[in-house]
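Working notes for the structure below.
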Amino acid sequence: MEETREISALFHLIDDPDIEVFSTVSDRIISLGTNIIPNLEHLWETTPDEAVQERIEMLIHRLHYCELTNDFQRWKAQPAPDLLGGALLVCKFQYPDLNVSAILQDIEKMRRNIWLELNNYLTPLEQTNVLTTILYNYYHLKGSEINYSEPHDFLLNKVLETKKGNAISNGILYLVLCDLLDIPIRAVPIPRQFILAYFDMEPGVWQEPASNPMHQIQFYIDPMSGQVFTQKDVDTYFKRISVPPTASFFKPMNTIRIIQHLLEEFSRCFESDKDGYKQEELMKLAQLLET
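Residue 12 in UniProt numbering sits at position 12 of the sequence shown, with consecutive numbering throughout.
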């Protein structure tokens with residue numbers, strides 16, 4: 001953005017010790033939109049004062065966050081918000097300059113490698129084994145327990161880069177590939193877990209399950225490892241946690257709810273006083289997705 005007299009005046013006031021003055025200046029800079037970010041970055045590079053640099057960094061973050069909020073609103077308003085698009089928006093919270101095209105290329109390579117091994121004669125379990133074998137054995141995807149001191153484990157771009165994620169991020173990658181390959185696997189909201197289920201549906205034609213969706217589930221998949229387990233295993237789990245297995249726990253989670261869950265869990269990585277503002281921002285994004 002061309003540096004006008006107003007922008008120059010605003011920049012001279014960034015170091016003002018009066019909080020009210022700085023707040024007014026900040027709001028005006030934010031109102032100018034993301035086009036002003038290169039100007040702020042240049043100011044940061046030419047400013048020796050670390051305290052002023054921190055203020056500039058926060059202004060840049062706020063500008064990116066405002067843009068991200070608008071992106072989430074547009075994503076939610078789509079007739080059928082796609083899971084990959086939502087997951088990439090979450091990545092942009094930490095990586096606003098994310099190279100989306102590189103990620104799309106990586107996922108397309110994965111999809112093609114799996115597709116080459118699939119055919120119409122495979123059973124649901126054989127289909128799932130193909131996907132699981134390529135993802136966890138060929139690509140060496142690893143799963144780790146949810147650890148809120150490891151925020152990267154929640155982000156799809158880092159999962160693709162490091163081949164390591166938790167149940168939620170690995171599960172989202174698994175679901176994205178299933179969507180691209182017309183495999184009827186969906187996430188189900190079993191308490192304290194992020195579990196995938198293979199639904200008995202016509203390939204390429206997804207219909208919401210009947211009143212008791214449990215009867216349409218053929219088996220379950222743990223996205224940490226790709227391990228398959230049965231309804232009996234799930235029933236045992238419900239007995240162990242002393243929760244009755246009602247039909248609502250077996251109804252597929254919609255895309256918006258999955259991304260909302262990701263935002264809620266990701267926000268728990270930022271509970272320190274220093275990062276508390278990030279937790280607040282992520283929870284605001286999650287609330288934005290309320291239906």
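Virtual Cβ for every residue (Gly too), placed ideally from N, Cα, C.
Check	Outcome
My guess is that ILE256 and LYS109 are in contact by the Cβ rule of under 8 Å, so how many angstroms apart are they, rounded?	Rounded, the Cβ-Cβ distance is 28 Å, inconsistent with contact.
What is the DSSP secondary structure of ALA102, reduced to helix, strand or coil?	helix
Under 6 Å Cβ to Cβ from PHE229, same chain only, skipping five residues before and after it: list those, please.	TYR220
Identify whether ARG192 lies in helix, strand or coil by the three-state DSSP scheme.	coil
One question on the structure: do GLY86 and ILE259 come within less than 9 Å of each other, judged by their Cβ atoms?	yes
For the structure I just gave you, are there three or more beta carbon pairs, one from the region 53-66 and one from the region 153-172, closer than 8 Å?	no
Report the partner residues of ASP222 according to the DSSP bridge assignment.	GLN227
Using 9 Å as the threshold, is the C-beta distance between ILE36 and ILE29 below it?	yes
Contact check, LYS164 vs SER149 under 8 Å by CB: the rounded distance?	Not quite, the Cβ-Cβ distance comes to about 14 Å (not below 8 Å), so this is no contact.
Rounded C-beta distance between ASN170 and MET224? I'm assuming under 8 Å.	6 Å
How about ASP222 and PRO124: do their beta carbons lie closer than 9 Å?	no
Which word fits GLU280, buried or exposed, when buried means at least 16 other C-beta atoms lie within 10 angstroms of its C-beta?	exposed
Under three-state DSSP, which class holds LYS251?	coil
In the DSSP output, what is GLY171 paired with across the bridge?	Note: GLY171 sits in no beta bridge, so no partner.
On the DSSP letters alone, give me the boundaries of the alpha helix (DSSP H) that ASP27 sits inside.	19-31
For the candidate residues ASN137, GLN94, LEU13, ILE217, whose alpha-carbon lies nearest to that of LEU156?	GLN94
Check ILE146 in the structure and name its three-state DSSP category.	coil
Would you check if the distance between the CB atom of LEU98 and the CB atom of LEU83 is smaller than 9 Å?	no
Quick one: is ASP153 buried, meaning 16 or more other Cβ sit within 10 Å of its Cβ, or exposed?	buried
Classify PHE11 as helix, strand or coil using the three-state DSSP reduction.	helix
How should PHE188 be labelled, buried or exposed, when 16 other C-beta atoms within 10 angstroms of its C-beta is the threshold for buried?	Position check: residue 188 holds Val in this sequence, whereas Phe was assumed. It counts as buried.
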